[in-house]
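To start, the structure itself, in structure tokens.
Residue numbers (mature numbering (1 follows the signal peptide of the UniProt record, and there is no 0)): -34 to -1, 1 to 474.
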């Protein structure tokens, strides 16, 4: 684990960048937000959820909340072996009596209990840890901010047997940490849970769940569908507007009797939070739901704190629902290649350029280059000289070297292309470590390229105002900003899923 001083350095840069961004640009509004109406916009009444009782509920109640000797907020004492085991392991970890293992090590810990590291929020403000129990339950989390404030939640499941790590997004305007947990993998499901963690002035967090049952009900009220037998397709409509069309090839149930929207649900955290879901269909006599193999529906989710001070909750609102592409017009799309279909952009244009994703001068960074054939290679590196021991007096280096292949670029608009990451391999297995010449090397994933299967490429000359705000924040670390000009002076790469941006050197 990296030392708090290292975290503080990064977070200070992030907070300053966000402050400048919010102050300079203001909060952007969708048309629905601006006029406050819902009809026809796809915006609906918010899904309200009650706060969990597992942590501090208000600033005023903080003094009454049970704490350990270091002042960390404990969950309510609900009893039971699971809660007792969680509390014991959590306290031992906070007091540095035990160390966290990596998520990849969990299969080796069958029958044991302990704490597992679940990663950091993209901007480095929060670390998350989970409790694993002897019976193989993955339930109970700790969230610790860069100032050492730790909040405990004994009843939140954080992963499934597939061991997919949680994904986090910090909303500085609402003081909310949004986290998706991939926990539903039984009976053909592959779905996430979404939680909002409100931060109080004390630094502690209160958890509010996105209500799945209420969401299913609301989507059932908003979405309608029409089957076209001659085309063997079903089209979904969001309040009368076409959302997406799916092939019914493989559906043998006859007339559709019911639709499910929660069984194949993923929450994507980037500039905003999106829910992507595949509608499941059933008919009379069917057991369970059938899901189309291609396509999905996508909607932005806004999370807003509401209520009186000290008695707040979070309202989740589902915006307009749209469909993703179900079929490709190009039989070669997604295959490795060097040039876009329109011929206006080629990987050869990037030859000799290096792309960088970093937290500022003297901080961590990921750099990589793309060859004319779409193959790429690079390195992530960070160091913490304060994280040392007698066995490694030279400190700790976090590092990875990687290589992979991109698909042919597909045009999105005049200044944007999309590529798929066809494959990506690491020189050293993620989660392993070794000591060399008095330095401990921890091998990690490549920061900026995690949790995504695609990237957007922005061309030089792209208008700043059309680029995502999160991309603009990362561009500021590389010395670029719209104050210096109205257009992007370099090539940019953007990981939509995590809101991470890479920049090349300026291009004349």
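Beta carbons: idealized from backbone N, C-alpha and C, even for Gly.
Quiz prompt | Start and end residues, beta strand (DSSP E) containing residue 171 | solution = Walking along the chain shown from the start, residue 171 turns up at place 205. Segment 171 to 175, the beta strand (DSSP E) holding residue 171.
Quiz item: alpha helix (DSSP H) containing residue 437: first to last residue?
Solution: Position 471 of the chain shown, counting from 1, holds the residue named residue 437. For residue 437, the enclosing alpha helix (DSSP H) stretches over residues 435 to 443.
Quiz item: Given 8 Å as the limit, is there contact between the segment 454 to 474 and the segment 406 to 426, that is, 3 or more CB pairs closer than that?
Solution: They touch, by the three-pair rule.
Self-check item: Local Cβ density within 10 Å of residue 475, reported as buried at 16 or more and exposed below that
Solution: Beyond the ends of the chain as shown, which are -34 and 474, falls residue 475; an answer cannot be given.
Quiz prompt | Endpoints, alpha helix (DSSP H) assigned at residue 186 | solution = In the chain shown, residue 186 corresponds to position 220, counting from 1. Segment 178 to 188, the alpha helix (DSSP H) holding residue 186.
Self-check item: Proximity of residue 360 and residue 404 at Cβ, strictly below 7 Å
Solution: Within the chain shown, the letter at position 394 stands for residue 360. Within the chain shown, the letter at position 438 stands for residue 404. In this structure, residue 404 lies closer than 7 Å to residue 360 by Cβ.
Self-check item: Secondary structure of residue 489, DSSP reduced to three states
Solution: Limits of the chain in this structure are -34 at one end and 474 at the other, which puts residue 489 out of reach.
Quiz item: Which residue comes first and which comes last in the beta strand (DSSP E) that contains residue 228?
Solution: Sequence index remark: in the chain shown, residue 228 carries index 262 (1-based). Note, residue 228: premise wrong, no beta strand (DSSP E); not H, not E.
Quiz item: beta strand (DSSP E) containing residue 157: first to last residue?
Solution: Residue 157 sits at position 191 when you count from the first residue of the chain shown. Here the beta strand (DSSP E) through residue 157 covers 157 to 165.
Self-check item: Cβ neighbour criterion (16 or more within 10 Å) applied to residue 378
Solution: Along the chain shown, read from residue 1 onward, the residue named residue 378 stands at position 412. The residue in question, residue 378, is exposed, as its Cβ has fewer than 16 Cβ neighbours within 10 Å.
Exercise. Could you tell me whether the segment 385 to 402 touches the segment 428 to 439, using the rule of 3 or more Cβ pairs below 8 Å?
Key: Between the segment 385 to 402 and the segment 428 to 439 there are fewer than three C-beta pairs closer than 8 Å, too few to call the two in contact.
Quiz item: Less than 7 Å separating the beta-carbons of residue 87 and residue 166?
Solution: Looking up residue 87 in the chain shown gives position 121. Looking up residue 166 in the chain shown gives position 200. For residue 87 and residue 166, no; Cβs fall outside 7 Å.
Quiz item: In angstroms, rounded to a whole number, what distance separates the CA positions of residue 151 and residue 129?
Solution: On the chain shown, position 185 is the one that residue 151 refers to. On the chain shown, position 163 is the one that residue 129 refers to. Between the alpha carbons of residue 151 and residue 129 lies a distance of about 10 Å.
Quiz item: Apart from the five residues on each side of it in sequence, which residues of its chain come closer than 6 Å, Cβ to Cβ, to residue 211?
Solution: The residue you call residue 211 lines up with position 245 of the chain shown. Around residue 211: 199 and 201.
Quiz prompt | Helix, strand or coil at residue -6 according to DSSP, with G and I counted as helix | solution = Mapped onto the chain shown, residue -6 falls at position 29. For residue -6, the predicted structure reports a pLDDT of 33, less than 50, and the residue's modelled location is therefore unreliable. A value from the coordinates is still provided. Residue -6: coil per DSSP, three-state reduction.
Quiz item: Closest to residue 157 by CA distance: which of 194, 311, 176 and 68 is it?
Solution: Here residue 157 corresponds to residue number 191 of the chain shown, with the count starting at 1. Put simply, of 194, 311, 176 and 68 the residue whose alpha carbon is nearest the alpha carbon of residue 157 is 176.
Quiz item: What beta strand (DSSP E) runs, 3 residues minimum, are completely inside the segment 353 to 397?
Solution: Restricted to the segment 353 to 397, the beta strand (DSSP E) segments that are unbroken, complete and at least 3 residues in length are 362 to 372, 376 to 379 and 382 to 392, listed in chain order.
Exercise. Could you name the residues of the same chain whose beta carbon sits closer than 7 Å to that of residue 453, not counting the 5 residues immediately before and after it, in chain order?
Key: Here residue 453 is taken as the residue at index 487 of the chain shown, counted from 1. If we look at residue 453 and ignore the five residues flanking it on each side, its Cβ neighbours are 427, 428, 429 and 430.
Quiz item: Which residues does DSSP pair with residue 313 in a beta bridge?
Solution: Residue numbering aside, residue 313 sits at position 347 when the chain shown is read from its first letter. Residue 313 is not bridged to any residue.
Exercise. Specify, as a first and last residue, the run of the beta strand (DSSP E) that residue 133 falls within.
Key: For the purposes of this step, residue 133 is taken as the residue at position 167 of the chain shown. Counting along the chain, residue 133 sits inside the beta strand (DSSP E) bounded by residues 133 to 137.
Exercise. Would you tell me roughly how many angstroms separate the C-alpha atoms of residue 268 and residue 283, rounded to the nearest one?
Key: If you number the chain shown from 1, residue 268 lands on position 302. If you number the chain shown from 1, residue 283 lands on position 317. When rounded, the distance between both Cα atoms is 5 Å.
Quiz item: Going along the chain, which residues of its own chain have a beta-carbon closer than 7 Å to the beta-carbon of residue 204, five neighbours each way excluded?
Solution: Mapped onto the chain shown, residue 204 falls at position 238. 8, 188, 189, 286 and 287.
Quiz prompt | Nearest-angstrom Cα separation, counted from residue 53 out to residue 459 | solution = Taking the first residue of the chain shown as 1, we reach residue 459 at position 493. Taking the first residue of the chain shown as 1, we reach residue 53 at position 87. If you draw a straight line from the Cα of residue 459 to the Cα of residue 53, it comes to about 43 Å.
Practice problem: Over the uninterrupted beta strand (DSSP E) stretch that includes residue 289, give me the two end residues. | Solution: For this step, residue 289 is matched to residue 323 along the chain shown. It spans 279 to 289 - the beta strand (DSSP E) in which residue 289 sits, taken as one unbroken run.
Practice problem: Measuring alpha carbon to alpha carbon, tell me which of 224, 127 and 240 ends up nearest residue 231. | Solution: On the chain shown, residue 231 is found 265 positions in, with the first residue counted as 1. Nearest Cα to residue 231 within the set 224, 127 and 240: 240.
Practice problem: Mind checking which residues open and close the beta strand (DSSP E) that includes residue 348? | Solution: Along the chain shown, read from residue 1 onward, the residue named residue 348 stands at position 382. Residues 341 to 350.
Quiz item: If you draw a straight line from the alpha carbon of residue 339 to that of residue 389, how long is it in whole angstroms?
Solution: Here residue 339 corresponds to residue number 373 of the chain shown, with the count starting at 1. Here residue 389 corresponds to residue number 423 of the chain shown, with the count starting at 1. In a straight line, the C-alpha of residue 339 is about 14 Å away from that of residue 389.
Quiz item: Apart from the five residues just before and just after residue 341, which ones in its own chain have a Cβ nearer than 6 Å to its Cβ?
Solution: Against the chain shown, residue 341 aligns to sequence position 375. Same-chain partners within the cutoff: 371.
Practice problem: Quick one: grab the DSSP three-state call for residue 71. | Solution: For this step, residue 71 is matched to residue 105 along the chain shown. DSSP places residue 71 in helix when its eight states are reduced to three.
Quiz item: If you draw a straight line from the alpha carbon of residue 365 to that of residue 408, how long is it in whole angstroms?
Solution: As a working note, residue 365 is residue 399 in the chain shown. As a working note, residue 408 is residue 442 in the chain shown. Computed Cα separation, rounded: 6 Å.
Exercise. Note down, in chain order, each residue of its chain lying with its Cβ closer than 6 Å to the Cβ of residue 226, except the 5 sequence neighbours on either side.
Key: The residue labelled residue 226 in the question sits at position 260 within the chain shown. Around residue 226: 246 and 255.
Exercise. Verify the contact flag: residue 150, CB atom, against every heavy atom of the ligand ADP, threshold strictly below 6 Å.
Key: The ligand ADP is absent from the structure shown, which contains no ligands of any kind.
Exercise. Would you kindly check if the distance between the Cβ of residue 233 and the Cβ of residue 263 is under 7 Å?
Key: Here residue 263 refers to the residue found at position 297 of the chain shown. Here residue 233 refers to the residue found at position 267 of the chain shown. Cβ distance not < 7 Å, so residue 263 and residue 233 don't count as in contact.
Quiz item: Run through DSSP, which three-state label would residue 55 get?
Solution: Here residue 55 corresponds to residue number 89 of the chain shown, with the count starting at 1. In the displayed model, residue 55 falls within a helix according to three-state DSSP.
Quiz item: Hey, how far is the Cα of residue 108 from the Cα of residue 439?
Solution: Position 142 of the chain shown, counting from 1, holds the residue named residue 108. Position 473 of the chain shown, counting from 1, holds the residue named residue 439. Rounded to whole angstroms, residue 108 to residue 439 spans 28 Å at the Cα level.
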